[in-house]
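What follows is a single structure, written as structure tokens, with notes after it.
In the working numbering, the protein residues as written are 243 to 799.
The structure is reproduced here in structure tokens:
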């Protein structure tokens, strides 16, 4: 094994998975962009001494404001007679007809996409949205299936499997020549998408102690996912070909095969399955690499616990077990509500980026840059305010920012962009915590299945986000008002979650049920946990409160 800390190996793997996740999820937006288009001129006008602009003015009507040309209608007149009669043109009273001769696309800013290649415009403009919806159908099917597999067969095999299958489907989709082929392959990509990162995320969180949990959870997102988001639009613009773009973003997924030799299986998962010898072997290797040898007493403790788990490993744990006891049931339902809120809000903000500003590539880049300080703020806030307060605060404030857009004049594009990006900043903070929270609340034996089922419900709710973005045709503020109501409501529901800062992850259902069962609604994780004696009260009043930074658990390091 390479003489590098196991933490660094896991960190590097998580960073790479963040890049792949960004490519797969956001890349589909740039594969199906709709370039500006209008009806192609009738054949009789070909060869005439008319410039492109004159031809467009002659054949294409403008919208009601008289500024923009219509994309799906043209004039239905005898253009040869009109040109020969020397009458003024165009005449808005001329009859209109659909684009009977195809379309002309403007690639001055955009590039050929599958949408323009297969003419998914006008009466066929539902196809790109449906293809992306089928991606989420795949996620709905794959997330619970692969979540169960991660608990049954282990974390590492599923990380490799999801990336190889998703990479294969993504590469083949670059050669799609029909809607059916493209949609079927997007289903397979979606089938693997969510778990390709989430299982790797679980593996990392199950190895590190609470001291490193926040850094390992947010630093890869802060640097690599954000950097990928900023660079992805310009990669698509530079390649200027959707097929080549699809190949470039999916081919790197095959490199995860190297994880088989680079990463260890989750020791927590192995121990929960009663595989004691394998667990101890991995922990000895980790300890040797980190130069922190395990004492015989610690090894014996693992063996005793593993033997106990081996006796009960025949008992099959399913996601339904999370609903059998009151505390776990309440928390799991709240986690589901939290994830639905996060998914709809984040995806809605992402999709609506192209409806604000002047340039989809620039707007997407700015939105990506906003995520960098948001990720950094999340790292600080979750360590000093705790998970729950940060989640509730960021969700509620993001919702209020969306509601404020309703009071901004529609023609004030800059102000709308500023407030929208403030909302994006805050919902990004919420999303960062949203990936970490269920890993820390759900017990190891049902963590994969629980997260998988939770995300499936989130994908079902996510069907609404494209339609929320579609509401921008009624006004730029409408999508943000809807998202604002959803996030404020979801934020207050999250008050019912427990605080998990600096605490040991639960392994069994029993531990999950006892986990902070006596916490109050406004529990402050940074308050001193030990009562201050009367004699020390005066000195303590001037001392900085540091209890929230103490490591009080015995997680595997």
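Glycine included, every Cβ here is placed at the ideal spot set by N, Cα and C.
With respect to residue 265, residue 287 sits apart: the two C-beta atoms are not nearer than 7 Å. Taking 7 Å as the cut-off, the beta carbon of residue 255 is found closer than this to the beta carbon of residue 505.
Taking each of 704, 705, 680 and 746 in turn and checking the Cα distance to residue 694, the smallest one comes out for 680. Within the same chain, and ignoring the five residues on either side of residue 444 in sequence, the residues whose Cβ sits closer than 8 Å to its Cβ are 392, 397, 508, 681, 689, 690 and 693.
In this structure, DSSP gives residue 279 an extended state, which the three-state scheme calls strand. No Cβ-Cβ contact shorter than 7 Å links residue 415 with residue 407. The C-beta separation of residue 439 from residue 572 comes to about 27 Å, leaving the pair out of contact by the 8 Å criterion.
When DSSP assignments are scanned along the region 696-735, the uninterrupted stretches of alpha helix (DSSP H) that are 4 or more residues long and fall wholly within it turn out to be 706-712 and 720-735. DSSP links residue 346 through a beta bridge to 280. Taking all protein chains shown into account, residue 482 has fewer than 16 neighbouring C-beta atoms within 10 Å of its C-beta and is therefore exposed. Look at residue 433 here: in three-state DSSP terms it is helix. The region 267-275 makes contact with the region 482-494: 3 or more CB pairs, one atom from each, lie closer than 8 Å. Excluding residues up to 5 positions away in sequence, 260 and 264 lie with their Cβ nearer than 6 Å to the Cβ of residue 467 in the same chain. Unbroken beta strand (DSSP E) runs of no fewer than 3 residues, entirely contained in the region 362-387, are not found. CA-to-CA, the gap between residue 637 and residue 582 works out to about 12 Å. Residue environment analysis places residue 417 among the exposed positions, since fewer than 16 neighbouring C-beta atoms fall within 10 angstroms of its C-beta. Secondary-structure assignment with DSSP links residue 317 through a beta bridge to 338. Sorting 685, 250, 757 and 671 by C-alpha distance to the C-alpha of residue 450 places 250 at the top.
Annotation for residue 495: no alpha helix (DSSP H) segment contains it, and DSSP assigns it neither H nor E. DSSP places residue 311 in the strand class (E or B) of the three-state scheme.
Per the C-alpha coordinates, the member of 602, 698 and 757 positioned closest to residue 475 is 602. With fewer than 16 other CB atoms across the displayed protein chains lying within 10 angstroms of its CB, residue 306 is exposed.
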